[in-house]
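Asker: Heads up: the sequence shown begins at 1 in full-length UniProt numbering, then just goes up one per residue. Backbone N, C-alpha and C fix where the C-beta goes; we use that ideal spot for every residue, glycine too. Pasting in a structure now, in structure tokens, and then I'll have a few things to ask.
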Amino acid sequence: MFTRQLTFLPLLWSSQRMQLSSITADNWLTNQSIRFSQQVLIDTTPLPADIPAVKEVGASSAPLLSASFFIGARCRDYNDDYMQCKNENPGRGELECLKEGRRVTRCASSVIKDINTHCLAEFRKHWECLDDRNHQLWQCRPAEWKLNKCVYDNLKLEKKIPDQPTNSTPVHLRPKQIFADVRIGPGDGKPFVPGQEDAQQ
Numbered sequence: 001m002f003t004r005q006l007t008f009l010p011l012l013w014s015s016q017r018m019q020l021s022s023i024t025a026d027n028w029l030t031n032q033s034i035r036f037s038q039q040v041l042i043d044t045t046p047l048p049a050d051i052p053a054v055k056e057v058g059a060s061s062a063p064l065l066s067a068s069f070f071i072g073a074r075c076r077d078y079n080d081d082y083m084q085c086k087n088e089n090p091g092r093g094e095l096e097c098l099k100e101g102r103r104v105t106r107c108a109s110s111v112i113k114d115i116n117t118h119c120l121a122e123f124r125k126h127w128e129c130l131d132d133r134n135h136q137l138w139q140c141r142p143a144e145w146k147l148n149k150c151v152y153d154n155l156k157l158e159k160k161i162p163d164q165p166t167n168s169t170p171v172h173l174r175p176k177q178i179f180a181d182v183r184i185g186p187g188d189g190k191p192f193v194p195g196q197e198d199a200q201q
């Protein structure tokens, strides 16, 4: 009945069309039974045996954001392989690239584990700051500088922002953060640049 009424809509004038369309919509909503499913659908089909099992990273958004540049530094090759696989399999990348995706997850988990082992206090201070300040990196630069130093000293991973212009100071190394709520004081430390302390000594 609904489709039959819709076929005559183009023949009516605009005022009649509005009246008919509202009546049609009302009739359609009252005749249609609307159901919302509140259940979680889980696919229990096991993965193929040739795809290695891997545990999830097990970190929330703040620790992942805090460690993201170090994950990028160590896992770049795995990330590139995964993205290349997805580009070569458009529309089926999630299915065809499970092995590459598992490698990325395994690498990210290893970075989180190593940071927790060697720099737990600095890491926790930084991600808790991010969690408290709406994940805004510029609000937490002093804690970030200490984390960057610890990670570089222990894991030799350096934070680098991709596509950063070479003729300007990277934003995470600027001692003054314009949009930060709290000013960085002299007791908050200095931006960490690898090799800079060795040159000063």
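#1: Since residue 67 is in the alpha helix (DSSP H), which residue starts that stretch and which ends it?
#2: Whose C-beta lies closer than 6 Å to the C-beta of residue 27 among residues of the same chain, with five residues either side of it excluded?
#3: Among the residues of its own chain, which have a CB less than 6 Å from the CB of residue 159, if the five just before and after it don't count?
#4: Would you call the stretch 171-182 and the stretch 138-153 in contact, with 3 or more CB pairs under 8 Å?
#5: Pick from 80, 75, 94 and 67: whose alpha carbon is nearest that of residue 47?
#6: Quick check on residue 84: buried or exposed, where buried means 16 or more other Cβ atoms within 10 Å of its Cβ?
#7: In three-state terms, what does DSSP make of residue 92?
#8: Measuring straight from C-alpha to C-alpha, what distance separates residue 62 and residue 89?
#9: Going by C-alpha distance, which of 73, 130, 177 and 43 is nearest residue 110?
#10: Note down the Cα distance separating residue 156 from residue 118, rounded to an integer number of angstroms.
#11: Quick one: is residue 13 buried, meaning 16 or more other Cβ sit within 10 Å of its Cβ, or exposed?
#12: Can you list, in chain order, the residues of its chain whose CB lies under 6 Å from that of residue 98, leaving out five sequence neighbours each side?
#13: With a threshold of 16 other CB atoms inside 10 Å of the CB of residue 139, please say whether the residue is buried or exposed.
#14: Looking only at its own chain, which residues have a Cβ that is under 7 Å from the Cβ of residue 133, when we skip the five neighbours before and after it?
#15: In terms of residue numbering, what span does the alpha helix (DSSP H) encompassing residue 43 cover?
#16: Among the residues of its own chain, which have a CB less than 6 Å from the CB of residue 100, if the five just before and after it don't count?
Answerer: Let me spell this out:
#1: 61-74
#2: Because the pLDDT of residue 27 is 47, which lies under 50, any placement of that residue in the model is unreliable, and the number read from its coordinates should be weighed accordingly. Within the same chain, residue 27 has no close Cβ partners at all.
#3: 69 and 148
#4: yes
#5: 94
#6: exposed
#7: coil
#8: 31 Å
#9: 73
#10: 12 Å
#11: Unreliable placement is indicated for residue 13, whose pLDDT of 43 sits below 50; the coordinate value is still reported in the next sentence. Counting Cβ neighbours within 10 Å, residue 13 comes out exposed, since fewer than 16 surround it.
#12: 51
#13: buried
#14: 139 and 140
#15: Element bounds for residue 43: n/a, residue is neither H nor E.
#16: 81, 82 and 85
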